[in-house]
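Below is one structure, written out as structure tokens, with a few remarks after it.
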Amino acid sequence: MAQRVFFATSEVYPFSKSGGLGDVMGALPEAMQKNGQPAAVISPFYGRISTGNYRLRLTVPDLPVGYPWAPITASVYETTHNGVPLFFIDRAEYFDRRHYYNDPNKGDYFDNAERFIFFCRAAVALMEHFGVPPVAVHAHDWQAAMLPAYIYFLRRSSPFWASTGTVFTIHNLAFQGRFSSRLFESCGLPREAWNVAGVEFFGDFNLLKSGIAYADAVTTVSPSYAREILTEKYGCGLDGILRQRELYLYGILNGADYTIWNPEDDPYLPRHYSASDLSGKRECKDALISEFGLDPRLRDRPILGFIGRMRGQKGIDILNDIIPDLMSLDVGVVALGEGNPVHEAKILEHMDTYRGRVAAVVGYTEDLAHRMQAASDLFLMPSRYEPCGLTQMYALRYGTIPIATAAGGLRDTIIPWPGEEATGYIFTEPDPVDFLRAIGDAVDVWTRDPGGHHQMVLRAMRQSFTWDKSCREYIDIYRKIRLRL
Ligand code: ADP
Ligand code: GLC
47 MAQRVFFATS EVYPFSKSGG LGDVMGALPE AMQKNGQPAA VISPFYGRIS TGNYRLRLTV
107 PDLPVGYPWA PITASVYETT HNGVPLFFID RAEYFDRRHY YNDPNKGDYF DNAERFIFFC
167 RAAVALMEHF GVPPVAVHAH DWQAAMLPAY IYFLRRSSPF WASTGTVFTI HNLAFQGRFS
227 SRLFESCGLP REAWNVAGVE FFGDFNLLKS GIAYADAVTT VSPSYAREIL TEKYGCGLDG
287 ILRQRELYLY GILNGADYTI WNPEDDPYLP RHYSASDLSG KRECKDALIS EFGLDPRLRD
347 RPILGFIGRM RGQKGIDILN DIIPDLMSLD VGVVALGEGN PVHEAKILEH MDTYRGRVAA
407 VVGYTEDLAH RMQAASDLFL MPSRYEPCGL TQMYALRYGT IPIATAAGGL RDTIIPWPGE
467 EATGYIFTEP DPVDFLRAIG DAVDVWTRDP GGHHQMVLRA MRQSFTWDKS CREYIDIYRK
527 IRLRL
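Going by this note's numbering, the sequence shown opens with residue 47, and the numbers climb by one from there.
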């Protein structure tokens with residue numbers, strides 16, 4: 047069997063997804079294979095996993111994992127999606143739950159450390175069970191971050207792991223998996239990992255840090271974010287160790303999966319459209335206006351869309367603050383998301399106050415996200431930080447002009463207005479004043495210079511963020527780290 051790269055991830059679309067990580071893991075492994083690098087994915091078997099259209103096979107019924115006590119085991123299910131083998135780690139007591147990481151009413155699951163340490167240990171056991179050392183193990187976010195550490199220490203005693211490189215990708219530095227030091231005792235790493243250059247973080251056990259400290263290469267999802275996280279402002283307390291590992295840190299921009307996000311054949315849209323015929327976009331807008339019971343006058347005024355987690359990162363509070371001002375610009379606002387109950391309640395309150403002008407759906411609905419991308423004229427992303435951001439890439443492809451902060455991947459994907467090449471509006475500070483000014487500019491162009499807006503739409507739709515380029519960069523990293531081993 048050709049040597050594979052194994053991706054370890056807590057989400058993989060279409061089986062599981064709570065945000066961009068799911069999208070990335072649903073697309074990157076397939077792109078790897080197309081670029082000549084065989085790939086496979088290891089992910090938890092959640093109770094809520096969408097397996098409807100897939101045949102799952104029990105491949106390993108009793109995989110010994112030995113964590114947190116022996117002789118605990120996992121069952122492993124296998125399926126194939128777009129030619130990529132996927133292995134799901136099943137242990138009902140850990141993963142058969144309604145949600146992935148937390149109960150919306152009660153907060154994070156109390157045993158998240160145990161759940162994901164178990165997942166990482168099961169992944170190691172599974173790859174050993176297959177008997178062929180992978181070319182690389184590519185772990186994503188804190189949930190999979192222990193893998194590079196395990197492999198780092200296993201290399202000392204096990205020839206099996208001697209030539210396998212490890213890559214750790216940070217999709218969001220703010221989510222670290224920070225737990226009590228007590229949990230370190232049974233995690234299976236040697237004592238020497240408990241220090242400031244290892245997994246210890248202000249007296250706590252930090253899972254994300256183990257990925258940063260022990261992976262052969264650390265990557266993050268845009269070149270700008272790779273630079274930002276080296277600073278105190280964006281480093282979330284980890285900028286020190288990231289600076290220590292700067293030589294091994296790479297920023298690789300995510301791609302967008304245009305087989306899923308393409309207005310020319312998106313199965314969720316009432317009408318398809320393309321850059322050469324935008325009439326379908328107008329119909330998508332009309333359909334959303336009827337569906338939400340919005341004022342029909344909005345057919346001739348811009349609709350501003352927001353789709354994302356309703357958390358501080360995404361600046362939903364900044365949007366909430368300026369909604370009354372937006373109403374005087376005579377525009378419509380549609381929002382989809384879930385997250386902090388305070389922000390959710392506020393947007394619903396606006397919907398009540400500005401009936402027919404503001405519509406909000408609190409919840410998670412894949413098909414509505416597609417329909418809103420197509421129906422909106424402008425797309426709002428007042429993020430306080432944004433490692434990459436996929437929704438603005440989708441918006442560009444749907445001819446929905448983004449208005450976004452100059453942060454991380456937003457900077458790397460949107461060509462700012464004004465200018466011949468512009469595909470969106472960028473503002474500097476994630477605050478109401480700057481945001482409102484940028485929206486004012488966009489609405490002004492939309493109203494007074496429809497031809498200019500139209501040209502921007504066409505350019506936006508032609509921008510392309512394919513996975514091939516990113517794949518080649520990852521493959522190059524796998525090669526480089528193998529040479530160093
Ligand atoms: P993040 O990963 O930080 O949440 P991204 O822009 O990378 O942000 O990816 C978000 C993904 O999650 C996109 O596919 C977006 O459409 C989707 N999404 C976010 N919130 C919702 C929601 N409430 N309903 C449906 N899809 C959502
Ligand atoms: C994270 C980031 C987002 C990024 C996504 C996929 O959730 O918040 O910016 O696009 O991961 O890498």
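Where is the CB? At the ideal position from N, CA and C, for every residue including glycine. Owing to the predicted nature of the structure, the values given are computational and were not obtained by experimental measurement.
- Here A85 is bridged, per DSSP, to V51.
- Between the ligand ADP and E384, a heavy atom-to-CB distance of less than 7 angstroms is present.
- With a cut-off of 7 angstroms, the C-beta of V267 is classified as near the ligand GLC, since at least one heavy atom of the ligand falls inside that distance.
- Environment of the ligand GLC, chain-ordered: G65, G66, L67, D69, V70, H217, N218, V267, N300, Q359, E432, P433, C434, G435, L436, G454, G455, taking every residue with Cβ within less than 7 angstroms of a heavy atom.
- Rounded to whole angstroms, the separation of the alpha carbons of A263 and R201 is 16 angstroms.
- For M427, the beta-bridge partners assigned by DSSP are A450.
- For R508, the enclosing alpha helix (DSSP H) starts and ends at 496–508.
- If you check the C-beta of E412 against the ligand ADP, you find a heavy atom less than 7 angstroms away.
- When C-alpha distances from E278 are compared across S268, S270, R289, the shortest belongs to R289.
- For the pair A391 and M397, the CB atoms are not nearer than the 8 angstroms cut-off.
- If one requires a minimum length of 4 residues, the alpha helix (DSSP H) runs lying completely within the region 236–319 are 253–260, 269–274, 285–290, in chain order.
- Spatial neighbours of G402 in its own chain (CB-CB distance under 6 angstroms, excluding positions within 5 residues in sequence) are listed in chain order as L340, D341.
- Note that the C-beta distance between V380 and L334 is below 8 angstroms.
- Distances from the CA of F473 to each of E466, M78, P462 were compared; the closest alpha carbon is that of P462.
- Judged by DSSP secondary structure, L350 falls within the beta strand (DSSP E) whose first and last residues are 349–353.
- Cβ contact annotation for E329 (same chain, cutoff 7 angstroms, sequence separation greater than five): P316, R317, in chain order.
- Runs of beta strand (DSSP E) with 3 or more residues, each lying fully within the region 437–496, are found at 447–451, 471–473, listed in chain order.
- The continuous beta strand (DSSP E) containing V106 extends over residues 103–110.
- C-alpha of S336 to C-alpha of L344: approximately 11 angstroms in a straight line.
- The Cβ atoms of I353 and A415 lie closer than 8 angstroms to each other.
- Collapsing the DSSP output to three states places N148 in a strand.
- At the C-beta level, V130 and A86 come within 8 angstroms of one another.
- Boundaries of the alpha helix (DSSP H) around G68: 66–80.
- Within the model, the alpha-carbon separation for D522 versus P476 is close to 35 angstroms.
- For I135, the enclosing beta strand (DSSP E) has its first and last residue at 130–136.
- DSSP lists T266 as the bridge partner or partners of I216.
- DSSP links T210 through a beta bridge to no other residue.
- Inter-residue distance for A239 and G257 is about 12 angstroms (C-alpha atoms, whole angstroms).
- For I287 and E246, the gap between their C-alpha atoms comes out near 11 angstroms.
- Cβ neighbours of F141 within its own chain (closer than 6 angstroms, five residues either side excluded): P90, F91, Y92.
- Distance from the CA of K526 to the CA of A208, rounded to the nearest whole angstrom, comes to 15 angstroms.
- Residue pairing by DSSP places E124 opposite R103, F133 in a beta bridge.
- Annotation for G351 indicates a beta carbon at 7 angstroms or more from all heavy atoms of the ligand ADP.
- The C-beta of K152 has fewer than 16 other C-beta atoms within 10 Å across all chains shown, which makes the residue exposed.
- Not one heavy atom of the ligand ADP is found less than 7 angstroms from the C-beta of G361.
- If you draw a straight line from the Cα of N252 to the Cα of G223, it comes to about 6 angstroms.
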